[in-house]
RNA sequence: GCGGCCGUGGCUCAGUGGAUAGAGCAUCGGAUUUCUAAUCCGAUGGUCGCAGGUUCGAAUCCUGCCGGCCGCACCA
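Residue numbers (this note's numbering): 52 to 621.
Set out below in C-alpha cells:
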C-alpha cells in the first residue's frame, strides 16, 4: 500500500517480472512496507509465486535474494525473511536523488499536471441564510477547500461554489415573521441571531397553528413569483447573512468563486421541468405534486409542491445542468453530509434518466455528522465560539513561551494565536476519515499535545528555527554518505512518499490521507530532531540542513493543502 | 418495516486479504549547559461486537445475530 518512489518500485517490478514470469503490474501491486524498519525498506511477498511454481514461498524468496541483480536500482541488497523478500535501499543513492529532486522542485515537489486543462466544480460549505454558521458547517467548508487545493496542486482548475441555502419555504417563515413583528435595531445588532430567532419562534407557532404555515408558504410563493418588495427584503436578509459568513471565510482564508445559492437557479428550473415533461418523465401524484420515479427501489423525486412551488431537488437539478453547461467540468463534487445520500442518488439517477452522458462525473463527497456539538444546555455551538476558545488557549501558551524566552515579545501574538487555533480546529477534523461520524469534544479540540494541529505547526516552527540559525542557505552539493542513521533513513522514506500521498488523497477525495501522512512525517522528523543535532555536527551539518529544509518544504506544502497556513515561529 | 453506515486497548481513531494488530490522549517512569520540552524515550493496556463460513493466511471477504447512528413523497 505505502509505496516508495514510483521508479524505484517499477524498476524492481521489472526485474522480478523478468525473473519469475509474473506480470509486472501484478508485481507492482504486491509490494508492501515491512512491519519494522530493521526488516528492510520494501517487501515482496512470495505467496503468489509459491502457488504458481508449486514451491514454498520461503524457498522462492531465498532463491530470488540470491539471483536478482540489483545494480542500477535504488536498492543495495535483498534478503529473504520467511515468505518475504525484503529489499534494502542504497541510502546514499536514494537520498541524493530524493533531496536533489525536492531542492530543485521546491514547492512543486509532489505537484503534477495530470489535471491540466481540466476543470472541477466543487460545491461546498453552503450554509443556510438566516441561520448561524455552526461547527456542523465546518466540515463541508474545510473538506471542500482542501479538495480544491489538492486538485489545484495536481493541475486542475477548481471552481469553488458556495451553494447557499437562500431559498425555500423556511424563507417564507422568516419573511412572514418579519411582517408581523419587525425590530430594525435587533437586525442591525446581530443579524443572523435575530433572523434565527424569528425563524425558531415562527416555526413553533406554525407547528401549532396551520394558518401560520399557510401564510409562510404564501410569502415564499410571492418571493418565487418575483414580487419586488418581498424580493428586496429577502435580498437584504441575504446580504446581511453573507457578510457574517464572509467574516468566517476570511479567518479561514477561503474565497469562493461564486456565491450561487439556490436562489440563483430560480429562472433555470422552468426549462429543466419542461424538458422532463417533454420526455414524459414527470408524473402527477397526490394533491397535484409533480415527481419523477428514478428507480423501482427508491422513492420518487418530488420536484414541485401542490402549490406549484419548487423544492430543493428542483434547484439541484437546474444547478447541475447549468454548471455542466457553463464549465464542462471533469467532475462536480458535492461536499455534503451523509444524511443527504439518498437525495444525491436520486438526483444523479434523475439526470441519467434525462439522458445526460456526464452523470458519472458527479460525486457526492459525503461526510459523517458531528456528534455532541451542543453545549450542556443544548444550544448549538457557533463556529466562532470554538475558534475563539482555541485561540485563547493558544494565547496562554504563547505567553508562557515569551516568558521562557523561547519567543520574542515582538511577535504578533493575536495573529499567531489565531493561526494556531485554526490549525487545532482543522486538524481535529482532518484526523478522521471524512465518512466517519465525528465526536466533538472540547477537551480534544483544546488539547495541543500529540496528534494535533499545533504539533504540526510546532514542528514546522522548529525547522524554521534551525534554518534561521544556520546562517547559510542549504544547498544540494553535499556528501550524502553522512545521512545514514535509522532516524534519518525513516525521515527520508517519508519524504519520498509525498507525491503518491497527494495522488491518493485526490483519488479518495480524502484530506485525511494528507493529514495522516503529515503526522508520520513530523513524527519521523521529531525523532530525528531529538536524536541528532544539525548545527555544529561537522560533516553531517550540510547534508542534514538539506534534509531539514526538504522536510520544511513538504510539511509546508501539506499544511497548505489542508488549508492551514504554516507558521515560522510559535 | 425497508435501505445505508458503523462496532478495534479506559477515551478518540488508523489499519479493509499477508510477517508479532498500530497511533494519539489518559495513567505511571525517564530525558533539557548545546538547533523551541506544544518535543522525545520507556512502561501499562486489545479473545479487533458475537457465531459460523471461504482461504495456505481474515480486524479486513461472505452469511446470520446483537448493539449504535442516519435516511425513507410536498424541509434543506
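Positions of the beta carbon are idealized from the N, C-alpha and C atoms, including for glycine.
**Prompt:** Secondary structure at residue 426, three-state DSSP: helix, strand or coil?
**Reply:** For residue 426, the pLDDT reaches just 48, beneath the cut-off of 50, and the residue's location in the model is therefore unreliable, although a value from the coordinates is still provided. Reduced to three states, the DSSP call for residue 426 is coil.
**Prompt:** What is the rounded straight-line gap between the Cα of residue 398 and the Cα of residue 66?
**Reply:** Whole-angstrom Cα-Cα distance: 49 Å.
**Prompt:** Is residue 335 buried or exposed, if buried means 16 or more other CB atoms sit within 10 Å of its CB?
**Reply:** By the neighbour-count criterion, in which a residue is buried when 16 or more other Cβ atoms sit within 10 angstroms of its Cβ, residue 335 is exposed.
**Boundaries (first-last residue) of the beta strand (DSSP E) holding residue 386** = Residue 386: member of the beta strand (DSSP E) spanning 382-386, first to last residue.
**Prompt:** Which value, in whole angstroms, describes the spacing of the CA atoms of residue 610 and residue 277?
**Reply:** Those two C-alpha atoms are separated by around 45 Å.
**Item:** Limits of the unbroken beta strand (DSSP E) element including residue 416
**Value:** Element bounds for residue 416: 413-416.
**Request:** Note down the Cα distance separating residue 429 from residue 502, rounded to an integer number of angstroms.
**Result:** Confidence at residue 429 is low in this model, with a pLDDT of 49, below 50, so its placement is unreliable and the value that follows should be read with caution. Cα-Cα distance, rounded: 29 Å.
**Whole-Å CB distance - residue 510 paired with residue 410, under 8 Å assumed** = Going by Cβ atoms, the distance from residue 510 to residue 410 rounds to 43 Å, so no, they are not a contact pair.
**Asked** Taking C-beta to C-beta, are residue 271 and residue 223 nearer than 7 Å?
**Response** Yes, they are a contact pair.
**Prompt:** Given that a residue counts as buried once 16 or more other Cβ atoms are within 10 Å of its Cβ, and exposed if not, what is residue 337?
**Reply:** Classification for residue 337: exposed.
**Message:** If contact is defined by three or more beta carbon pairs under 8 Å, each pair taking one atom from either stretch, is the segment 85-93 in contact with the segment 55-64?
**Reply:** Enough Cβ pairs lie closer than 8 Å, so yes.
**Asked** Distance, Cα to Cα, residue 416 vs residue 303?
**Response** Those two C-alpha atoms are separated by around 21 Å.
**Request:** Take the Cβ of residue 285 as the centre, count every other Cβ of all protein chains shown within 10 Å, and call the residue buried at 16 or more, exposed below.
**Result:** Counting of Cβ neighbours within 10 angstroms places residue 285 among the buried residues, the total reaching 16 or more.
**Item:** Beta-carbon spacing of residue 612, residue 186 below 7 Å
**Value:** The answer is no: Cβ separation not under 7 Å.
**Prompt:** Within 10 angstroms of its Cβ, does residue 119 collect 16 or more other Cβ (buried), or is it exposed?
**Reply:** With at least 16 other beta carbons inside 10 angstroms of its own, residue 119 counts as buried.
**Message:** Here's the rule I'm using: 16 or more other beta-carbon atoms within 10 Å means buried, otherwise exposed. How should residue 601 be labelled?
**Reply:** Burial call: buried.
**Prompt:** Just how far apart, CA to CA, sit residue 621 and residue 467?
**Reply:** Their Cα atoms are separated by approximately 7 Å.
**Message:** One question on the structure: do residue 474 and residue 386 come within less than 7 Å of each other, judged by their Cβ atoms?
**Reply:** Taking 7 Å as the Cβ cut-off, residue 474 and residue 386 do not qualify as a contacting pair.
**Request:** Could I get the ranges of all uninterrupted beta strand (DSSP E) runs contained in the segment 165-234, with 3 residues as the minimum, in chain order?
**Result:** List check, beta strand (DSSP E) in window: 170-174 and 208-212.
**Message:** So the candidates are 465, 402 and 218; which of them puts its Cα closest to the Cα of residue 346?
**Reply:** Out of 465, 402 and 218, 402 has the C-alpha closest to the C-alpha of residue 346.
**Asked** Do residue 107 and residue 101 have their CB atoms nearer than 7 Å?
**Response** Yes. Within cutoff.
**Close-in-space but distant-in-sequence residues of the same chain around residue 512 (CB under 7 Å, 5 per side omitted)** = The answer, listed in chain order, is 618, 619, 620 and 621.
**Request:** Starting from the Cα of residue 27, find the closest Cα among 487, 85, 343 and 525 and give me that residue.
**Result:** Nothing can be reported for residue 27: it is not among the residues displayed for the chain, which extend from 52 to 621.
**Prompt:** For residue 533 versus residue 594, is the C-beta distance shorter than 7 Å?
**Reply:** Judged by their CB atoms, residue 533 and residue 594 are nearer to each other than the 7 Å cut-off.
**Message:** Can you tell me whether residue 427 is buried or exposed? The criterion is at least 16 other CB atoms within 10 Å of its CB, across all chains shown.
**Reply:** Because the pLDDT of residue 427 is 44, which lies under 50, any placement of that residue in the model is unreliable, and the question is left without a value.
**Asked** Would you call residue 544 buried or exposed, if buried means 16 or more other Cβ atoms sit within 10 Å of its Cβ?
**Response** Buried is the label assigned to residue 544, since at least 16 other Cβ atoms lie within 10 Å of its Cβ.
**Asked** If residue 205 sits next to residue 557, beta carbons under 8 Å apart, how far is it from one beta carbon to the other, in whole angstroms?
**Response** In this structure, residue 205 and residue 557 form a Cβ contact; the two beta carbons are roughly 6 Å apart against a cut-off of 8 Å.
**Asked** From what residue to what residue does the alpha helix (DSSP H) around residue 392 run?
**Response** Run containing residue 392: 392-404, per the alpha helix (DSSP H) assignment.
**Prompt:** Which full runs of the alpha helix (DSSP H) of 4+ residues lie inside the segment 309-354, going along the chain?
**Reply:** For the segment 309-354, the continuous alpha helix (DSSP H) assignments of 4+ residues that do not extend past its boundaries occur at 320-329, in sequence order.
**Request:** Drop a sphere of 10 angstroms on the beta-carbon of residue 87, count the other beta-carbons inside from all chains shown, and report buried for 16 or more, exposed for fewer.
**Result:** Around the C-beta of residue 87, fewer than 16 other C-beta atoms lie within 10 Å, and the residue is accordingly described as exposed.
**Message:** At the level of alpha carbons, what is the spacing between residue 268 and residue 377?
**Reply:** Distance between the alpha carbons of residue 268 and residue 377: 32 Å.
**Item:** Among 129, 508 and 229, nearest to residue 253 - alpha-carbon criterion
**Value:** Out of 129, 508 and 229, the CA that lies nearest to the CA of residue 253 is found in 229.
**Same chain, Cβ closer than 6 Å to residue 207, five either side skipped, listed in chain order** = Here the set comprises 166, 169 and 171.
**Asked** Under a three-way DSSP split, which group does residue 610 fall into?
**Response** It is helical.
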